[in-house]
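There are 2 protein chains.
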Amino acid sequence: MLASTPKPPYYAVIFSNTLKDDTEGYQKTAHRMMELAEQYPGFLGVESARNDIGITVSYWKDLESIREWKSNVEHIEAQKLGNKKWYKSYRVRIAKVEREYGI
Amino acid sequence: MLASTPKPPYYAVIFSNTLKDDTEGYQKTAHRMMELAEQYPGFLGVESARNDIGITVSYWKDLESIREWKSNVEHIEAQKLGNKKWYKSYRVRIAKVEREYGI
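Here it is, written out as structure tokens:
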């Protein structure tokens, strides 16, 4: 599903990654993180796809909302697990959405 | 492959979409568009994944580079075909990358 986001400006966190071979527990944690993110009032939506690489773009009201989400205790634990166990590589890009259009 | 991008700021075009059932010709055109985009001096890299939805994030030096790419004649033809034949829905979000980190 594509995300329905409000009129810009708002923020995007572009999270692209590759996984190691052993992804035990990854799917469950990724799902839980989305469940958790959705509870934040500044969370606007998310889009996610994976084949060779994974891309998850989450949309946020402002930088403060992203900061709060990044510092969620359960999320911090997941980030640690990700760094240690699941991700071969990743990039996080914080970007201000200035314009949006589509069909 | 994850994109190797320079130190921010730079721009991201987040293109998320769903396809119709008949995607004849889509793959070839998508591939050609990437080949073409890479020739632009302002093109910094691209990341792409698809399963339920497709997400292609291309990175650009500045808004002017994105404008030039958007108005490329061959790209305009592809956009028309996409609107008419391939895309069930899409969103294009133009965003300024302010921060980047990763492993």
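From first to last, the protein sequence lines stand for chains B and R. With my numbering, the residue at position 85 of the first sequence is 85, and numbering never jumps. So my numbering is basically just the index in the second sequence, starting at one, shifted up by 103. From the three backbone atoms N, C-alpha and C, an ideal C-beta is built for every residue, glycine too.
Going by C-alpha distance, which of the options is nearest residue i?
i, options, result
"B:W69", "B:I53, B:V13, B:H31 and B:R50", "B:V13"
"B:M1", "R:L166, R:A181, R:D155 and R:E141", "R:D155"
"R:G145", "R:Q182, R:L166, R:A198 and R:K131", "R:L166"
Using a Cβ-Cβ cut-off of 7 Å (strictly less than) and excluding sequence neighbours within five positions of residue i, which residues of its own chain qualify?
i, result
"B:S10", "One point to set straight first is that residue 10 of chain B is Tyr, not Ser, in the sequence displayed. Once the five neighbours on either side are set aside, the close Cβ partners of B:Y10 are L44, Y59, W60, K61 and V97."
"B:H75", "M33, L36 and W69"
"R:Y143", "S168, E171 and W172"
Could you name the residues of the same chain whose beta carbon sits closer than 6 Å to that of residue i, not counting the 5 residues immediately before and after it, in chain order?
i, result
"B:Y171", "The question about residue 171 of chain B has no answer, for chain B in this structure spans 1 to 103."
"B:F15", "T56 and V92"
Taking just the CA atoms, how far does residue j sit from residue i?
i, j, result
"R:K187", "B:E47", "23 Å"
"B:D21", "R:V160", "25 Å"
"B:S65", "B:R93", "15 Å"
"R:G157", "B:L81", "27 Å"
"B:N72", "B:L19", "23 Å"
"B:K28", "B:E38", "16 Å"
"B:E24", "R:Y204", "25 Å"
Assuming residue i and residue j form a contact by the criterion Cβ under 8 Å, report the distance between their Cβ atoms to the nearest whole angstrom.
i, j, result
"B:Y26", "R:I206", "Between R:I206 and B:Y26 the Cβ distance is about 16 Å, and since that is not below 8 Å, they are no contact."
"R:R202", "R:P111", "6 Å"
"B:R50", "R:A152", "5 Å"
"R:A198", "B:A95", "4 Å"
Please list, in chain order, all residues of the same chain as residue i whose beta carbon is under 8 Å from its beta carbon, the five residues on each side excluded.
i, result
"R:S107", "G148"
Suppose only complete runs of 3+ residues qualify. What are the beta strand (DSSP E) ranges in the segment 148–194 of chain R, listed by chain order? Fully enclosed beta strand (DSSP E) runs of 3 or longer: 157–163.
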